[in-house]
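Residue numbering for the sequence shown follows our numbering, starting at 4 and increasing by one per position. Here a beta-carbon is modelled for each residue, glycine too, at the ideal position from N, C-alpha and C. Fair warning: this is a prediction, and the values are worked out from it, not measured in the lab.
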Amino acid sequence: MAATTQPFRLRPGTWADIPRTAMLYTLAFGNDTLLQILFPEREKHPEEYVASIERLLQMRFWTLGWRFTVAVDENDVPQAFSWWNRGKGNESFWRRWLSPTWWFAPVVRLWLRLRNRLFPFRLKMNNAFAQVVHHESEKFLNTPRRRSAHYLSLLGVRPDLQGTGLGSLLLRDGLRDVDGLRDYYERFGFKDVGTVAVGELAIWDGGYVMFRE
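The following block contains the structure:
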């Protein structure tokens with residue numbers, strides 16, 4: 004693996020980072036069959052494709068339990084990112100009751116939903132992913148430990164920087180808070196216990212459910 008030569012550092016992601024992160028997402032996962040499933044008409048409405056990802060990340064940003072981290076260059080521009088979910092029951096007293104985010108988040112999410120309804124995109128999103136993952140995940144979240152486990156949802160690196168160690172940097176940072184790809188995660192102690200690539204997601208070459216126990 005080539006070593007990164009640029010000075011990158013990690014910091015918490017902000018609302019202002021979301022447009023850049025949405026663009027990085029489409030670049031990092033542009034050939035992933037999951038995006039073909041989620042947005043089957045993305046080539047018809049390319050201008051709405053990145054904007055749709057941006058809206059999804061905006062909603063996630065204001066949902067309690069998510070940890071958003073970016074790896075930035077010397078100009079403070081994100082070049083890689085990660086999204087972790089802390090799992091059930093892992094929010095501290097501060098985050099749950101005293102954090103301003105907790106009190107403002109419901110209002111912001113309501114505003115985002117209203118905006119999305121008033122100004123919908125022509126590009127429609129296939130809801131199969133959320134439905135299948137919710138159904139299939141119940142098979143694996145079958146112990147208290149797993150139900151409260153931290154969940155690495157997204158880890159993306161700008162394509163020309165992949166293999167330079169940025170992904171490992173983000174993953175190690177996330178694992179410290181807790182305590183490419185299938186083999187990549189197994190190097191850090193994750194074990195494959197199943198897949199959610201079933202039904203409408205059967206053509207997806209991802210969807211592995213992996214735990215670190």
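### Beta-carbon proximity check, Trp-1 vs Leu-157, cutoff 8 Å
Absent from the model: residue 1. The displayed extent of the chain is 4 to 216, so no value can be given.
### Query
Which runs of the alpha helix (DSSP H) spanning at least 4 residues fall entirely within the region 36-99, listed in chain order?
With a minimum length of 4 residues, the continuous alpha helix (DSSP H) runs that stay inside the region 36-99 are 36-41 and 49-64.
### Task
With DSSP collapsed to three states, give me the class of Pro-162.
Position 159 of the sequence shown holds residue 162. Note: Pro-162 maps to helix in three-state DSSP.
### Task
Compare the beta carbon distance of Leu-60 and Ala-19 with 8 Å and say whether it is the shorter of the two.
Locating residue 60 in the sequence shown gives position 57, counting from the first residue. Locating residue 19 in the sequence shown gives position 16, counting from the first residue. For the pair Leu-60 and Ala-19, the CB atoms are not nearer than the 8 Å cut-off.
### Query
Is the region 34-50 close to the region 119-131, with three or more CB pairs under 8 Å?
Enough Cβ pairs lie closer than 8 Å, so yes.
### Option nearest Glu-77 by Cα separation, candidates Gly-159, Arg-12, Ala-31 and Thr-66
Indexing the sequence shown from 1 puts residue 77 at position 74. Nearest option by C-alpha distance: Arg-12.
#### Entry: Anticipated Cβ contact below 8 Å, Gln-82 with Leu-169, distance rounded
Within the sequence shown, residue 82 is the residue found at index 79, counting from 1. Within the sequence shown, residue 169 is the residue found at index 166, counting from 1. Contact holds; Cβ gap of about 7 Å.
#### Entry: Arg-12, DSSP secondary structure in three states
By 1-based counting over the sequence shown, the position of residue 12 is 9. In the three-state reduction of the DSSP assignment, Arg-12 falls in the strand class.
### Task
Could you spell out where the alpha helix (DSSP H) holding Ala-25 opens and where it closes?
Counting from 1 along the sequence shown, the entry for residue 25 is found at position 22. Segment 21-31, the alpha helix (DSSP H) holding Ala-25.
### Task
State the DSSP-derived secondary structure class of Ser-226, mapped to helix, strand or coil.
Outside the displayed span of the chain (4 to 216) sits residue 226, for which this structure offers no information.
### Query
DSSP state of Leu-121, grouped into three classes?
Along the sequence shown, read from residue 1 onward, the residue named residue 121 stands at position 118. Shown here, Leu-121 sits in a helix according to DSSP, grouped into three states.
### Straight-line Cα distance separating Ser-171 from Glu-57
Position 54 of the sequence shown, counting from 1, holds the residue named residue 57. Position 168 of the sequence shown, counting from 1, holds the residue named residue 171. The alpha-carbon atoms of Glu-57 and Ser-171 are separated by roughly 24 Å.
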